[in-house]
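Residue numbering for the sequence shown is 13 to 112, as defined by this note's numbering.
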Amino acid sequence: MAVLVEVVFPADITIEMIDAVTDEMDVDTRLPAGSISHVHYEKDGRVRGVDLWESAEAFQTFAESTLQPAMGKVAAAHGVDLSQAGGPEVSITEIHRLVR
């Protein structure tokens, strides 16, 4: 079942860092397996990402194998210690109907 994944990143994570993470993963040219779409933006001083995934499991696999290592690399390059920044707020909602 398709899911909507909403992520609110910790305040230490900037939009430039998320752009760099996106570039590091090369998702502009090739979406990861199971991904349907991705957007990220800044609102109320926090960076947010919204994704559609074919399943929660596909998102989890991507997060563990690709997203977390890329975030770690980019954060370190920007002098941000992710263990001190705190984790992102993540919500996953099952999609009732998806029109493509």
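Glycine is no exception: its CB is placed at the ideal position from the N, C-alpha and C atoms.
What you are looking at is a predicted structure, and each value in this text was computed from that prediction instead of being measured.
What did DSSP end up calling ILE104 once you bin it into helix, strand or coil? Here ILE104 sits in strand by DSSP.
Compare the C-alpha of ASP56 against each of VAL15, PHE21 and GLU36 and name the closest. The shortest C-alpha separation from ASP56 is found at PHE21.
Considering only the alpha carbon of each residue, which of THR34, GLY84, VAL111 and ALA68 lies closest to GLY98? Taking each of THR34, GLY84, VAL111 and ALA68 in turn and checking the Cα distance to GLY98, the smallest one comes out for GLY84.
Would you say ILE30 and VAL51 are within 8 Å of each other, going by their C-beta atoms? In this structure, ILE30 sits away from VAL51, with a CB-CB distance that is not shorter than 8 Å.
LEU64 bridges to which residues according to DSSP? Answer by DSSP bridge pairing, in chain order: LEU16 and SER49.
Straight-line Cα distance separating VAL33 from LEU79: Rounded to the nearest angstrom, the gap between the Cα atoms of LEU79 and VAL33 is 8 Å.
Helix, strand or coil at VAL111 [DSSP, three-state]: Three-state DSSP puts VAL111 in coil, outside helix and strand.
Run the CB neighbour count on PRO81, radius 10 Å, all protein chains shown included, and call it buried at 16 or more, exposed below. Classification of PRO81: exposed, given that the 10 Å Cβ count is below 16.
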